Amino acid sequence: MTLITDHTDTELLRQVHAGQAAAFTTLYRRHQGPLYRYALLRCGSGDAAADIVQEAFMGLLTGRLGYDPLRGQLQHFLFGVARNLALKFDEARQRHPQLPETTDDEGEPDLDSASEADGPLARLLGNEAAEEIRRALSLLPPHYRDPVILYELHELSYQEIATVCQVDIGTVRSRLARGRAALAKRLRPTLEGMT
Amino acid sequence: MMNNDDTIDPIDPALATRFAALRSELAGHDAPRCVEKELLQAFAKQFPKKQLWYRTLSLPQWGAAGALASLGGAGVLATLLLALAPHQAITVGPPLIGIDDGAAFIALESLERIEREPYTRVVEAELPQTALAPLGMPLNPQTAGGTVRAEMLVAEDGHPLALRLSAVN
C-alpha cells in the first residue's frame with residue numbers, strides 16, 4: 000500500500016483539485032517549512048512570512064497560480080511566488096518616506112549605505128550567531144538577499160535561483176558574491192573574533 | 000537538493016559557520032498552526048462535502064416520506080392482523096357489507112364511529128381470500144387460495160375502519 004506522504008507533488012496536486020483534503024494537508028506540510036523560513040528571512044517578520052505562506056498556498060488551492068509541473072519543481076515555484084509576494088511587502092513598506100538609494104561605481108546599490116531601517120531588527124532567533132547573521136541579511140537590499148538565502152539556506156543551484164528570481168545565471172553569481180561580501184564586511188568584527 | 004553547479008564560488012569559512020548556525024536555528028521554524036487551519040477552512044469552502052441524500056430532504060419532504068411509511072406499515076400490519084386473526088382485528092359488531100361502484104365495501108366499524116374519526120387514511124393492502132369469509136364475504140372454492148386487493152380505511156392510530164375490495168388475484 001502506498002502512503003499519501005509518498006505521493007509526488009504532481010499526484011497530490013491532482014488529488015487536491017479533485018477535492019481530497021488529505022492531499023492538500025500533505026502538500027502543505029511538505030512545503031510550508033522551507034517557504035516560511037525563506038519568507039521569514041526575506042521579510043524579517045513572522046507575521047509577514049505567515050501571510051506569504053498562506054497567500055501562496057491559497058493561490059495553489061484555487062488554481063490561480065497556474066503551476067505547470069513541466070516547468071520545474073513545486074518547491075521552487077512556491078519560492079518564486081513567495082518572492083513576488085515579498086516584493087509587494089517591500090513596496091508597501093517603501094510607501095513610507097525614504098532617502099534615495101545610493102549607488103556605487105558599477106551602478107549597483109551601495110551595500111555599505113543600506114540603512115538599518117531597511118530591515119526589521121526585532122529579535123527573531125534565540126541563537127546569538129544565527130540572529131546576528133539574520134540581522135545582517137535583513138540589511139541587504141532584497142535582490143542580494145534572495146540569492147544568498149536561496150543558496151546558503153535552501154541549497155538551490157545557481158540555475159534554480161535564476162529561475163526563481165527570473166534573472167540570468169551570471170546575475171545570480173554576481174549578486175551572491177556581492178551579498179556574501181557585504182555580509183562578511185558587516186560581520187567582520189565578530190568574524191575576526193571567531194578566528 | 001545540493002548545489003550542483005560546476006564552479007562554486009568559495010565562501011569565507013567564518014561566514015559559512017554563521018550560515019550553518021542560522022540553518023540549524025531555523026530548522027525548527029514552521030508557519031504558525033493557524034495558517035494550516037485557515038487554509039483547510041478555505042479548502043472546505045472550495046470543495047464542500049456532498050451531503051448524504053437524506054440530509055438534502057426538506058421538512059415537508061420528510062413529512063411526506065413519514066406519511067408514506069406510516070401507510071405502508073399500517074397496510075402490512077392490517078394484512079397480518081386479518082390474515083392471522085381476522086376476528087380479533089375487527090372489534091365491533093357484524094360488518095356492514097355493501098356494493099360500491101361494483102366493488103365490495105365492508106364497514107368494520109359503525110358508520111358513526113367512521114364519521115367521527117377526524118383523520119383517516121386509505122391504505123393499499125393484499126388480503127387472503129380466506130380472511131374475508133369471517134367478514135361475511137362469500138368464498139369461492141376455486142379462488143380460495145388467492146388474495147384480494149383491498150383499500151383499507153384506517154384511523155389516525157392505524158385502527159382499521161373499513162375495507163373496499165377492488166380486485167381478486
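Chains X and S, in that order, give the protein sequences.
Read in order, the letters of the first sequence are residues 0 to 194 in numbering that gives the first Met the number 0.
Read in order, the letters of the second sequence are residues 0 to 168 in numbering that gives the first Met the number 0.
We put the beta carbon where it would ideally sit given N, CA and C, even for glycine.
Since we're looking at a predicted model, the values are computed, not measured.
- A direct Cα-Cα distance of roughly 15 Å separates S:H28 from X:D50.
- Its chain contains no residue whose beta carbon lies nearer than 6 Å to that of X:R36 once the 5 sequence neighbours on both sides are disregarded.
- The Cβ atoms of S:V153 and S:L164 do not sit closer than 7 Å to each other.
- For S:P12, the enclosing alpha helix (DSSP H) covers residues P12 to L25.
- Under a criterion of Cβ atoms nearer than 9 Å, no residue of chain S is adjacent to X:Q14; the nearest Cβ is some 11 Å distant.
- Under the DSSP assignment, S:V34 falls outside any beta strand (DSSP E), being part of the alpha helix (DSSP H) whose first and last residues are R32 to Q45.
- Looking only at S:R120, S:E116, S:A161 and S:E111, the smallest Cα-Cα distance to S:L131 is reached by S:A161.
- When only Cα atoms are considered, X:L182 and X:L40 end up about 14 Å apart.
- The criterion of a C-beta distance shorter than 7 Å is not satisfied by X:R92 and X:A135.
- If you check each beta-carbon in the stretch 142–163 of chain X against every beta-carbon of chain S, the ones closer than 8 Å belong to Y150, E151, L152, E154, L155, S156, Y157, Q158 and E159.
- Boundaries of the alpha helix (DSSP H) harbouring X:T61: G45 to T61, taken from the DSSP string.
- A contact is defined here as three or more CB-CB pairs under 8 Å, and the stretch 77–93 of chain X meets this definition with respect to the stretch 50–59 of chain X.
- S:E108 carries a coil assignment under DSSP once its states are collapsed to helix, strand and coil.
- For S:M151, the beta-bridge partners assigned by DSSP are S:V122 and S:L162.
- In this structure X:G62 is exposed. Its beta-carbon is surrounded by fewer than 16 other beta-carbon atoms within 10 angstroms.
- For X:G32, the enclosing alpha helix (DSSP H) starts and ends at A20 to C42.
- As a beta-bridge residue in DSSP terms, S:P127 pairs with S:T146.
- Short of 8 Å from the beta carbon of X:V163, and not among the five residues preceding or following it, lie these beta carbons of its own chain, in chain order: H75, F78, G79, R82, D145, L149 and L155.
- No Cβ of chain S is located within less than 7 Å of the beta carbon of X:Q93.
- Closest option to X:T25, judged by alpha-carbon separation, among S:C33, S:A19, S:L39 and S:L21: S:L39.
- Taking all protein chains shown into account, S:R115 has fewer than 16 neighbouring C-beta atoms within 10 Å of its C-beta and is therefore exposed.
- At least one C-beta of chain S is nearer than 7 Å to the C-beta of X:G32.
- Counting the other Cβ atoms within 10 Å of the Cβ of X:C42 gives 16 or more, which makes it buried.
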